[in-house]
Each structure stands twice: as structure tokens, then as C-alpha cells.
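K.L.:
Residues in the sequence shown are numbered consecutively from 38, following my numbering. Cβ atoms here follow ideal geometry from the backbone N, Cα and C, with glycine treated the same way. Quick one: the structure is below, and I'll ask about it shortly.
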Amino acid sequence: MFYLPVLVWWYLTAYSGPSFDTAEDVAHHLGDLMLSFLFLSGVAVLSMPFWWVALNLSRRGQER
Numbered sequence: 038m039f040y041l042p043v044l045v046w047w048y049l050t051a052y053s054g055p056s057f058d059t060a061e062d063v064a065h066h067l068g069d070l071m072l073s074f075l076f077l078s079g080v081a082v083l084s085m086p087f088w089w090v091a092l093n094l095s096r097r098g099q100e101r
């Protein structure tokens, strides 16, 4: 659930990226994509406890 926005952004960036003239351009662009994917995945994983707490609090409020 939390990885979906990261994956959508990554695929859109990969498919709509600039055209490449050399293998070095391809390697540079893929390296940037991998770093951004790792960063955004880390943000998604680290924010999961916040979302779990928020969801649990909202469910407790609905039970009352």
C-alpha cells in the first residue's frame, strides 16, 4: 500500500525520461533512479509506524 506511489513515480520517471545518446547517459540516469527509489522506499518504510498508529486511533474512535 505504501510502496504503490513510489513504484508509480519510479515507473513514470523511467518511461518518460530523456532520450539517451550514450551508455554513460543510461548508466547515469539509472543510477539516479535507483538512488531516488531507495530514498523514497526508505521514507515509505520509516513512515509506516506513523500510519499504523493513525489508522489504529481512527478505528478506536469509530468503535466508541
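(1) The alpha helix (DSSP H) spanning residue 50 covers which residue range?
(2) Count the CB pairs spanning the segment 71–89 and the segment 39–52 that are closer than 8 Å, and state whether there are at least three.
(3) Expressed to the nearest angstrom, what Euclidean distance is found between the alpha-carbon atoms of residue 99 and residue 89?
(4) Between residue 70 and residue 51, is the Cβ-Cβ spacing less than 8 Å?
P.N.:
Looking at the coordinates:
(1) Taking the first residue of the sequence shown as 1, we reach residue 50 at position 13. Per DSSP, residue 50 belongs to the alpha helix (DSSP H) from 41–52.
(2) yes
(3) As a first step, residue 99 is located in the sequence shown; it is residue number 62 there, counting from the start. As a first step, residue 89 is located in the sequence shown; it is residue number 52 there, counting from the start. So the two alpha carbons sit approximately 15 Å from each other.
(4) Taking the first residue of the sequence shown as position 1, residue 70 is located at position 33. Taking the first residue of the sequence shown as position 1, residue 51 is located at position 14. Closer than 8 Å, so yes.
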